[in-house]
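Q: Here it is, the structure, as structure tokens.
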Amino acid sequence: MHIFDDATYTREALGLPVNQSEDDIDAQLVLLARESGIEDPYRFLCPAHEIPRALSTTTVGSAHSSSLSVHSHQTQSTGFTDPSRTSREQPCVKRLPPQQTTPTLTRASVALDSTMDYFPANFQQRHSTASTFSAAHSLSSSASSLQKTSTRRKRSSFLSMFRRDSSSCTSPSHHRHHGKARGPKLECGHSLSTSAIRAHIKEALQAKEGAVPSCCGIALPRATLEVVLTKEETDLVMGGAARSPELSSLRDSGYSENGMSSIDLPRPAQKTSLPTLSKSVPNTPPQRVSLQLLNGNSSLANEALRSFKSQQKEQLERVAVFENNQRKALSAHHQCSLKRLAAQHENNKDERKEHVSEVTPRNVPQFAYATQHILELEDLEDAQITAEDNLRKAQDLETQNVATALKHMEAYCLSSNPDPGFAHTVTQDDFKKLDRQRLIQQSLPRKHESAINVLRSRQERAMKIKMQKQELELADMDADFEKEKAAEEWQFAQESERLSAVIETRRKRFQQRWDLKYEMWRKDWESQHGTQFDNVDWPLKMQYGGPICGIPESSETTTPIHAAA
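Take 1 as the starting number for the sequence shown in our numbering and just add one per residue.
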């Protein structure tokens, strides 16, 4: 049917040429996305039923309550899930120092799993043996290294009491923030987490002018500051400059004074990722420092976002109009089919049915007969009239014969011929025959009337049988019409369900294509302006005949634009 033609959809809704399809658009978008710096564009265009939805929680072991947790995709290729900090399978992990080397294994597992999630199932099965072997080998090697580290710590537990630890540090921020240490060791022997680095920067900004971030009285090196700041911001902080608008947002970096984050931590079912894993984990924004851009850059980004959103909304409206027209066309086709069936039914009845006003069979009430039925009734009536006429003629002839016989018998019995040669003797039997003939003549009209009535009753019974047969034929025609109508209704329901499925598939593909366009637009904007554009609430369900994704109206004013660390 023309309604389900993909060429019509691509030509009218998407505005593509006749010889171009959605696959061609996807191929072009993939090329442009790779030029924009997106490593795996097909993860945006992958069908929804081929993307595994199973998630597993991978946790970096730590004795502190603020240990960092990331969510990795558990696929059929590896079949391996890192234990969380609440798991009881490896209790020795909790006793390890913060300087353990397990994050490297965790990051590799996250990158491998999240990358393999976007390949088909057959590809994952082909590589399941090798990936399982490599994962098991990494697990065994990491477990042996953990045991060696635990043994060394037990041996050096006595000397560790003379070393400098966090209790000897004079910085109050170090006691408040106990995040997982990820950077290299400082000269004082500490390894600061990102939250602790932010806290040190905040203390330096709140202190007197010219103060630089330090730990235990030793200034933090540039490499440590660049973990959470850009190069320009690092230069400002190390130069001891006063608080600038670019760094003012550090006072509200998402961490409260008691060391706990004011930002709600993600639940285990949600996706979070480390900043270093933002390229390998799809659809997960990296963790960013909330640094407000200049007003000029913010307005420029809002203007660019508004232009991008107008393009998406324009195409979205065309798709919605096309879908509405498709539903109307399917409904119109259904109504036309019903009208065609009704007209055909009436035509079939008209071929056999018409209103009789002038010529109506005798002794039959006025009724709407079919043409064929009327012809049959007329033939039956003609036969009945002919039979009645023949009967009356026979009766008239019989009446005439009876009268002639009676006349001769009366002449024989009552004759008075004087000629003796012709004289005859009338007996008593002759008079009896004469009386009998007179009775026959007297009962003859009643006999004829009775024969006429019998003939007419037979004709009327034959007429009723014929009419019942005709009514049954009309009832069968009505039943056939109802069956055809029900079949048409069922076909319409099936086609409506099919159209809904086609529209849903097209919407998903439309949404995935615009997700990739948005990611390309964000990458291009970041490369042009040298700052990272924070993700807005994308996508958002819009009411254009159904849930289709788009950019929210409030993202221009209420959503701030941030720069990444």
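Every residue gets a Cβ at the ideal spot worked out from N, C-alpha and C, and that includes glycine. These numbers were taken from a predicted model, which means no experiment stands behind them.
Rank D350, E203, H345 and P17 by C-alpha distance to the C-alpha of A479 and give the top, closest one.
A: Its Cα nearest to that of A479, the residue H345 stands out among D350, E203, H345 and P17.
Q: With a CB to CB cut of under 6 Å and the five nearest residues on each side skipped, what residues in its chain are close to A329?
A: I3
Q: Ends of the alpha helix (DSSP H) at K231?
A: K231 to M238
Q: Measuring CA to CA, which of F510, S527, E303 and D524 is closest to F569?
A: The structure shown does not extend to residue 569, since the chain is modelled only from 1 through 565, so no value can be given for it.
Q: Please list the terminal residues of the continuous alpha helix (DSSP H) segment that includes N453.
A: Q428 to H529
Q: In three-state terms, what does DSSP make of S310?
A: helix
Q: Relative to the C-alpha of G189, which residue among S214, Q315 and Q384 is closest?
A: Distances from the CA of G189 to each of S214, Q315 and Q384 were compared; the closest alpha carbon is that of S214.
Q: Distance check for E314 and A27, CA to CA, integer angstroms please.
A: 22 Å
Q: If you compare alpha carbons, which of L220, V502, I440 and D389 is closest to T404?
A: I440
Q: Determine, using beta carbons only, whether R513 and L205 come nearer to each other than 8 Å.
A: no
Q: Nearest-angstrom Cα distance between K433 and S443?
A: In this structure, the straight-line span from the alpha carbon of K433 to that of S443 is close to 15 Å.
Q: Could you pull the start and end residues of the alpha helix (DSSP H) that T194 belongs to?
A: T194 to Q206
Q: With H, G and I counted as helix, E and B as strand and the rest as coil, what does DSSP make of I38?
A: Note: I38 maps to coil in three-state DSSP.
Q: Let's see if you can read the secondary structure: which residues bound the alpha helix (DSSP H) around R222?
A: R222 to L225
Q: Is L312 buried or exposed, if buried means 16 or more other CB atoms sit within 10 Å of its CB?
A: The question names Leu, yet the displayed sequence has Gln at residue 312. Classification of Q312: buried, given that the 10 Å Cβ count is 16 or more.
Q: Pair every Cβ in the stretch 454 to 462 with every Cβ in the stretch 395 to 414, then say whether three or more of these pairs are closer than 8 Å.
A: no
Q: Run through DSSP, which three-state label would G546 get?
A: Confidence at G546 is low in this model, with a pLDDT of 44, below 50, so its placement is unreliable and the value that follows should be read with caution. In this structure, G546 counts as coil in the three-state DSSP scheme.
Q: Is the beta carbon of E376 closer than 8 Å to that of K466?
A: yes
Q: Out of curiosity, what's the CA-to-CA distance linking L414 and R436?
A: 16 Å
Q: So what does C215 bridge to, in DSSP terms?
A: Within the DSSP secondary-structure output, C215 pairs in a beta bridge with I218.
Q: So K578 and I38 are supposed to be a Cβ contact under 8 Å. How far apart are they, rounded?
A: The first residue shown for the chain is 1 and the last is 565, placing residue 578 beyond what the model contains.
Q: Using a Cβ-Cβ cut-off of 8 Å (strictly less than) and excluding sequence neighbours within five positions of D5, which residues of its own chain qualify?
A: The answer is none, since no qualifying residue turns up.
Q: For A301 versus W525, is the C-beta distance shorter than 8 Å?
A: yes
Q: How big is the Cα-Cα spacing for S21 and H334?
A: 29 Å
Q: Quick check on DSSP: helix, strand or coil for T425?
A: coil
Q: According to DSSP, is E187 helix, strand or coil?
A: Residue state, collapsed to three classes: coil.
Q: Who are the near neighbours of L455 in its chain, counting only those whose CB is closer than 8 Å to its CB and skipping five residues on each side?
A: Q384, A387, E388 and L391
Q: In this structure, does DSSP put N401 in helix, strand or coil?
A: helix
Q: Quick check: what's the CA-CA separation for K339 versus T10?
A: 32 Å
Q: Determine the burial state of I218: buried for a count of at least 16 other Cβ atoms within 10 Å of its Cβ, exposed for fewer.
A: exposed
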